[in-house]
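Residue numbers (the numbering used here): 6 to 351.
See the structure below:
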């Protein structure tokens, strides 16, 4: 009968490490995990996981910045649906877009001895949560790192380029980027870099980004000073929730979208399709990303699959919040009502 000692010898590790991997009883680096699982498969060793021995379903830990953001809610739905089929429970934690909370959130997940983790972190290169050895881990939305190369993402830099190109094609030249804190989201920063590159390539001066809180305050966003300073004809929100907050801020200044200022965002959340006019956005495959990350993690855990980076596509969804200046010779009133109407001369 094959023993744990034979697995450890073949994997070149201690028996304690082999036991942690095969019994899901503690964190081990991904490299060591793969060596142990491969060695176990080669010598024909089959462990009974601790969770199974205790009559407990295996658990997957998931970290997202916010459970109230429709983007992450959609991804979580995809993860849970996939894990339900696989017989795994899902434990969820959130960081509130705070890098300093990530390590504690992941520590809480590790306390449940998860089979693996799916993590959306603020910045993969600097996240304290990724500075330790973790069980098999897939990054969701966050760029892969040398230590954790398994990831499911979209090309946020290209998405920033695409949305900026669209606004330029509509005749806009003074385009302002309003974002949540770049420290809290490398995704927002990549989209901004795409904006900067596209503006430079077009020979159009870019504007300094305006950073606002990610978690709350959308309904009270104050852009009065930024509008007076930059006089933008269009504003890009780093996600759709911020774009919707921008629309509210523009209305509170007595201006109209899109007659006075156009607005666009990223994510393609459902509420953007329900407002009038509909929100111009880069549509992201949030549900598919969650399901894909779950499938990738299961493949790594169960089949010793290689750690790989999967990039899903995004698409521009034009809407009514962007005005086409290219085809207009004179500005015309849209007849907005009092909720955000352009002030008329007395």
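Cβ atoms here follow ideal geometry from the backbone N, Cα and C, with glycine treated the same way.
Sub-8 Å separation of residue 81 and residue 67 beta-carbons
yes
When DSSP labels each residue in this structure, what does residue 256 get in the three-state scheme?
helix
Restricting to Cα atoms, I'd like to know which of 34, 44 and 113 is closest to residue 9.
44
As a quick exercise: from 159, 154, 99 and 78, pick the residue whose alpha carbon is nearest that of residue 289.
159
So, using beta-carbon positions, are residue 194 and residue 215 closer together than 8 Å?
no
Keeping to the same chain, check which residues put their C-beta closer than 8 Å to that of residue 101; ignore five residues upstream and five downstream.
70, 71 and 220
Pull the bridge partners of residue 99 from the DSSP assignment, please.
69
Three-state class that DSSP yields for residue 247 in the structure shown
helix
Cβ of residue 64 within 8 Å of Cβ of residue 41?
no
Nearest candidate by alpha-carbon position, reference residue 297, set 305, 12, 83 and 104
83
Look at the alpha carbon of residue 106 and the alpha carbon of residue 134, and state the distance between them as a whole number of angstroms.
9 Å
Between 230, 161 and 284, which lies nearest to residue 198 when the distance is taken from Cα to Cα?
161
Within a Cβ cutoff of 8 Å, which residues of the same chain sit near residue 234, ignoring the five residues on either side of it in sequence?
none
Are the Cβ atoms of residue 295 and residue 19 separated by less than 8 Å?
no
Opposing strand residues paired with residue 285 [DSSP bridges]
269
Who are the near neighbours of residue 171 in its chain, counting only those whose CB is closer than 8 Å to its CB and skipping five residues on each side?
269, 285, 321, 323 and 327
Classification of residue 17 by the beta-carbon crowding that lies within 10 angstroms, buried from 16 upward
exposed
Does DSSP classify residue 56 as helix, strand or coil?
Note that residue 56 scores a pLDDT of 49, beneath 50, so its modelled location is shaky; the value from the coordinates is reported in the next line. Of the three classes helix, strand and coil, the one that applies to residue 56 here is helix, per DSSP.
Please report the straight-line C-alpha distance between residue 34 and residue 265, rounded to a whole angstrom.
54 Å
Could you work out which residue in 240, 272 and 248 is closest to residue 224 when comparing CA atoms only?
248
Only counting the same chain, and skipping five residues up and downstream in sequence, which positions put a Cβ closer than 8 Å to that of residue 96?
64, 65, 66, 67, 114, 117 and 119
Tell me the DSSP secondary structure of residue 146 in three-state form.
coil
If you check the beta carbons only, do residue 314 and residue 154 fall under 8 Å apart?
yes
Look up residue 212 in the DSSP assignment and say whether it is helix, strand or coil.
coil
Where residue 275 falls: helix, strand or coil (DSSP):
coil
Limits of the unbroken alpha helix (DSSP H) element including residue 171:
161 to 174
First and last residue of the uninterrupted beta strand (DSSP E) at residue 183
180 to 185
Tell me the rounded alpha-carbon separation between residue 201 and residue 147.
20 Å
Please work out which residues of its chain come closer than 6 Å, Cβ to Cβ, to residue 57, disregarding the five sequence neighbours upstream and downstream, and give them in chain order.
Because the pLDDT of residue 57 is 49, which lies under 50, any placement of that residue in the model is unreliable, and the number read from its coordinates should be weighed accordingly. There are no such residues.
In this structure, how does DSSP classify residue 126 when only helix, strand and coil are distinguished?
coil
Can you name, in chain order, every residue of its own chain whose Cβ lies under 8 Å from the Cβ of residue 309, other than the five neighbours on each side?
39, 42, 43 and 46
For residue 169, the nearest candidate out of 205, 189, 156 and 291 (CA to CA):
205
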